[in-house]
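To start, the structure itself, in structure tokens.
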Amino acid sequence: MKGRSSSYQSTPISWWPTIPGVLMAVLAGEILALVLIPGIASNRAYWLALGVTAPFVAWFLVYWRVYQSVFVTRRQSSVEPINPGWKPFTFHGWGNETLKAFLMESEEASEDLVLYLHGYSSRLSRGESRAIHLHGLGVNVISLDQRGFGAQGRRHDWTLLKVLTDLEGLLNHAPDALGFTPKRLWIYGHSMGGLLAIRLSSHASGWWADSLRGIVLESPATSFPKIIDGKLPGRAVLAKPWVRHILRREHERIHPDLNIRYANAELPYIGIPSVPTLLVQAKEDEVLGMEHFDLARRHLSDVAEIHVVGMPHTSRVDSVERREIVEGWMASQLGEVSQ
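The sequence shown begins at 83 in this note's numbering and counts up by one.
Put into structure tokens, the structure is as follows:
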């Protein structure tokens, strides 16, 4: 079943040679000619041809560098172990690819479910304390290493839309993993996971459109372009119009059915949650700064309960204050009678 938050069409495969590929081949031929035929160095036509080719190749190298920075996630050297209470299962994500996720079943025969989403360049194990804390409230919890991170693989042609498609596939498969359809669902998102939670909650579909009761956002990213600006190499940020052209072209290549543009992948364009929302913001946010929080406060104040707590951004660190706020909010949510 296709959801509403993402794109589902697979990337078309083209066997036609690309212009950058042809230019790289021409440049390689020109350099090889200089090595094999030293006398060609005195030929003005040769240097003219080289002068025409070189700028295009330089452009391609910049294009490639931007692509590597944005559409290829960093290789992670090790995978940290997770709690043995997690039960692995598989489901189908973007492109019908088989992905791995984990379920921690409630010890109280609960029919409630929480989906925990980690941030960019993170993994389940780093934010596991959040998931286990939620499980301690008596609910079932599912989570995963997202596409491109942890042990999930699939680092190339990475996009936020692919991750959203994966998550819709995970939610659609949740009743099969649990053995029943959850009566109530909450989504907890940390950092980029918060951006994913906002998008999912404002574009719910399937069984979980009726079951979604609320979302928890911890130091959420609220603008994908702002995230990318922080990832771009060197002075690429100074050439934003050119860089955004590259990003737009790559997104359109990967997703022919693109339903949200790169420039609009931020609040309020990605959607405003229509369910109760808890926002817990790290006061010492050394990763995102306060730009994302300012955007959240501007657009979510009417729908969210907002707290600023004295802790860093990283999910490796937890705090009693965060736990108490989340626990109190979830307790009030869990205390409501399911309709």
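For every residue, glycine included, the Cβ atom is placed at its ideal position computed from N, Cα and C.
Evaluate the contact criterion for the region 211-229 versus the region 180-197: three or more CB pairs, one atom per stretch, below 8 Å. The region 211-229, when compared against the region 180-197, does touch it at the 8 Å Cβ threshold.
Between which two residues does the alpha helix (DSSP H) harbouring Phe231 extend? Segment: none, Phe231 is in no alpha helix (DSSP H) and carries neither H nor E.
Counting only the same chain and skipping the five closest in sequence on each side, list residues whose C-beta sits under 8 Å from that of Glu332. For Glu332, where only same-chain residues beyond five positions count, the Cβ hits under 8 Å are Tyr149, Val152, Phe153.
As a quick exercise: from Glu334, Gly261, Ile297, Glu300, pick the residue whose alpha carbon is nearest that of Ser188. For Ser188, the closest of Glu334, Gly261, Ile297, Glu300 by C-alpha to C-alpha distance is Gly261.
Considering Cα atoms alone, identify which of Leu242, Thr135, Leu132 is closest to Tyr90. With distances taken between Cα atoms, Tyr90 lies closest to Leu242.
In whole angstroms, what is the alpha-carbon distance linking Ile164 and Gln228? A direct Cα-to-Cα measurement between Ile164 and Gln228 gives close to 15 Å.
Local conformation of Gln421 per DSSP, three classes: Annotation note: pLDDT 42 at Gln421 (below 50); position unreliable, coordinate value reported separately. Coil at Gln421, not helix or strand.
Beta-carbon proximity check, Leu370 vs Lys308, cutoff 9 Å: Yes; because the gap between Cβ atoms is below 9 Å, this pair is in contact.
Quick check on the burial criterion: 16 or more other C-beta atoms within 10 angstroms. Buried or exposed for Met83? Around the beta carbon of Met83, a 10 Å sphere encloses fewer than 16 other beta carbons of the protein chains shown; the residue is thus reported as exposed.
Is it buried or exposed, Ser383, if we count other Cβ atoms within 10 angstroms and call 16 or more buried? Residue environment for Ser383: exposed (fewer than 16 other C-beta atoms within 10 angstroms of its C-beta).
Grab me the residues of Ser211's own chain with a C-beta within less than 6 Å of its C-beta, minus the 5 sequence neighbours each way, in chain order. Leaving aside the five residues that flank Ser211 on each side, the residues in its chain whose CB is nearer than 6 Å to its CB run, in chain order, Asp400.
Assigned secondary structure, Trp176 (DSSP; H/G/I helix, E/B strand, else coil): Trp176 falls in the helix class under three-state DSSP.
Under 8 Å by Cβ, that's how I've got Leu181 and Trp168 pegged, so tell me the actual separation to the nearest angstrom. Not confirmed; about 15 Å, so no contact.
For Glu366, the three-state DSSP class (helix, strand or coil): Shown here, Glu366 sits in a strand according to DSSP, grouped into three states.
Expressed to the nearest angstrom, what Euclidean distance is found between the alpha-carbon atoms of Ser92 and Ile354? The alpha-carbon of Ser92 is positioned some 27 Å away from that of Ile354.
Cβ-based burial, Ile407 [other Cβ within 10 Å; buried from 16]: Its Cβ being crowded by 16 or more others within 10 Å, Ile407 is buried.
CA-CA distance, Glu112 and Ile95? The alpha-carbon separation between Glu112 and Ile95 amounts to approximately 29 Å.
Would you kindly report the start and end of the unbroken beta strand (DSSP E) that includes Ala386? 386-394 is the extent of the beta strand (DSSP E) around Ala386.
Can you name the start and end residues of the beta strand (DSSP E) that Trp268 belongs to? Following the DSSP letters along the chain, one finds Trp268 inside the beta strand (DSSP E) bounded by residues 266-272.
Taking His285 as the reference, which of His381, Glu250, Gly271 has the closest Cα? Answer by Cα proximity: Glu250.
Ignore the nearest five residues each way along the sequence and tell me which others in Gln421's own chain have a CB closer than 6 Å to its CB. At Gln421 the pLDDT is 42, less than 50, meaning the model places this residue with poor confidence and gives no usable figure here.
In the DSSP assignment, find the unbroken beta strand (DSSP E) run with Ser151 in it and report its ends. Counting along the chain, Ser151 falls outside any beta strand (DSSP E), though it belongs to the alpha helix (DSSP H) covering 126-152.
Within 10 Å of its beta-carbon, does Ser351 have 16 or more other beta-carbons around it, so buried, or fewer, so exposed? For clarity, residue 351 is Tyr in the given sequence; the question names Ser instead. Sixteen is the threshold: since fewer than 16 other Cβ atoms of the shown chains lie within 10 Å of the Cβ of Tyr351, the residue is exposed.
Exposure label - Pro366; buried when at least 16 CB within 10 Å: Position check: residue 366 holds Glu in this sequence, whereas Pro was assumed. Residue environment for Glu366: exposed (fewer than 16 other C-beta atoms within 10 angstroms of its C-beta).
Would you call Glu348 buried or exposed, if buried means 16 or more other Cβ atoms sit within 10 Å of its Cβ? It counts as buried.
Distance, Cα to Cα, Leu361 vs Tyr198? Taking the straight line from one Cα to the other gives about 15 Å.
Here's the rule: buried if 16 or more other CB atoms are within 10 angstroms of the residue's CB, otherwise exposed. What is Asp248? Within 10 angstroms of the beta-carbon of Asp248 lie 16 or more other beta-carbons, which makes it buried.
Where does Phe306 sit, in a helix, a strand or coil, going by DSSP? In this structure, DSSP gives Phe306 a helical state, which the three-state scheme calls helix.
Following the continuous beta strand (DSSP E) through Asn222, name the residue where it begins and the one where it ends. Residues 222-225.
By Cβ distance below 7 Å, which residues in the same chain neighbour Asp239 in space, the five residues on each side in sequence not counted? Shown here for Asp239: same chain residues with a beta carbon closer than 7 Å to its own, the five before and five after excluded, namely Thr93, Phe153, Ile336 in chain order.
Excluding the 5 residues flanking Arg343 on each side, which residues of the same chain have their C-beta closer than 8 Å to its C-beta? These residues qualify, in order along the chain: Arg330, His333.
Between Thr359 and Glu387, what straight-line distance do the alpha-carbon atoms span, to the nearest angstrom? Cα-Cα distance, rounded: 6 Å.
Span separating the alpha-carbon of Met412 from that of His217: C-alpha separation (whole angstroms): 11 Å.
By the DSSP assignment, the alpha helix (DSSP H) with Arg379 in it spans what residues? DSSP places Arg379 inside the alpha helix (DSSP H), whose first and last residues are 373-382.
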